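> The structure is given below, and queries will be raised subsequently.
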Amino acid sequence: MPKEEIIRSTCGFCYSACGVLVTVTDGKVTKVSGDPASPINRGRLCPKGLSAVAQLYHPQRLRHPLQKTGARGSGQWRKISWDRAFDQIAQAFQKTKEQYGPQGVAFVQGAAKGLIDSYHERLANAFGSPNFATTGHVCFLPRLFAAKMTCGFYPVPDYQGSPACILVWGANLVHTRHGEHFQALEHFKKGVRLILVDPLPVPLADRADSWLRLKPGSDLALALGLLHVIIKENLYDHAFVEHWTIGFDQLQTHVQDYAPEKVEQQTWVPTDRIRQAARMYATLKPACLQWGNAVDHGCNSFQTARALTILRAIT
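Reminder that position 192 of the sequence shown reads as 250 in our numbering, one-by-one numbering, no gaps.
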């Protein structure tokens, strides 16, 4: 009989890190399914995760280095060994270093997972090049560093904590955050209120109790407008602010200039909707905030993420 085992692992197609059960039959992966024990996806997987086996064994998957043999764009390549590829790359690095210095080589990557970021950055450091670039400035890093600077860690929404209100800011849960979407959906079916901040009519817009369809790039002004209402109407958590925060007086002074009437001019969101959303988020407890990559795409992404982290803290 075929030898079959199930290995518990994590999907690596995105940063959600959904739990998976990998079925291995006679040493070959035959099935990947969601892990019901995972608190992230609770047994569900998006189409990318479910297609893992097809990608793993796809006949056109790159399994070895290829060297270009024709003109650029001709699509002509030939297989070479790993040793030869490493030798050619090392020789090109060394030649460039001798001619231009180590800064003549730039190390660029996409959205890496796991330890790849650290290894790649260490390679650039060991080579002596300061030129290391990623997509991080428009994907995750503004939120990560802003949150760590503001509260010391990266906050995530507590869907297991029975939220009464969920604020989704710049995140298309239906199409891009499969695990979080189904967790949030369970709460929406129970009557949990939804505030959506997105300029686009994403699928959740039909379900939202309050849809703030802001002008693209005006997220910071809207966040400060919400803080203005919450502080002015005395809706913030006094005990938490008094015992666990620093600089509230400065924050209070700063947001005085962001009255909803003024914010409406910057964001296109009506004044009454700004007030409604602020009151809903501050008074329906507990509330949680789910943000997405769209927060990172504006020129004020870092300060926007700080404002949203503060919004979490004072309520």
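We put the CB at the ideal spot given by N, CA and C, even for glycine.
As the structure is a prediction and not an experimental result, all values here were calculated from the model.
DSSP has residue 136 in a bridge; who is on the other side?
125
> Would you check if there are 3 or more beta carbon pairs closer than 8 Å linking the segment 352-365 to the segment 236-244?
no
> What residues match up with residue 345 in a beta bridge as DSSP calls it?
According to DSSP, which records beta bridges pairwise, residue 345 is partnered with 223.
> Taking only three categories from DSSP, how would you classify residue 326?
Here residue 326 carries a coil assignment [DSSP, helix/strand/coil].
> Measure the CB-CB distance between residue 165 and residue 190 and report whether it falls below 8 Å.
yes
> Does the distance from the CB of residue 250 to the CB of residue 280 come in under 8 Å?
Not in contact: residue 250 and residue 280 (Cβ atoms no closer than 8 Å).
> If you draw a straight line from the alpha carbon of residue 366 to that of residue 258, how long is it in whole angstroms?
20 Å
> Report yes if the C-beta distance between residue 80 and residue 98 is below 8 Å; otherwise report no.
no
> Look at the Cβ atom of residue 243, then the Cβ atom of residue 255, and state whether they are nearer than 8 Å.
no
> Taking just the CA atoms, how far does residue 323 sit from residue 355?
21 Å
> Using a Cβ-Cβ cut-off of 7 Å (strictly less than) and excluding sequence neighbours within five positions of residue 128, which residues of its own chain qualify?
Counting only residues of its own chain and dropping the five nearest sequence neighbours on each side, residue 128 has a CB closer than 7 Å to the CB of 134.
> Buried or exposed: where does residue 321 fall if 16 or more other Cβ atoms within 10 Å of its Cβ makes it buried?
buried
> Put residue 320 into one of helix, strand or coil per three-state DSSP.
helix
> With a CB to CB cut of under 6 Å and the five nearest residues on each side skipped, what residues in its chain are close to residue 139?
none
> Quick one, which of 85, 92, 299 has its alpha-carbon nearest residue 209's?
299
> Do residue 267 and residue 284 have their CB atoms nearer than 8 Å?
no
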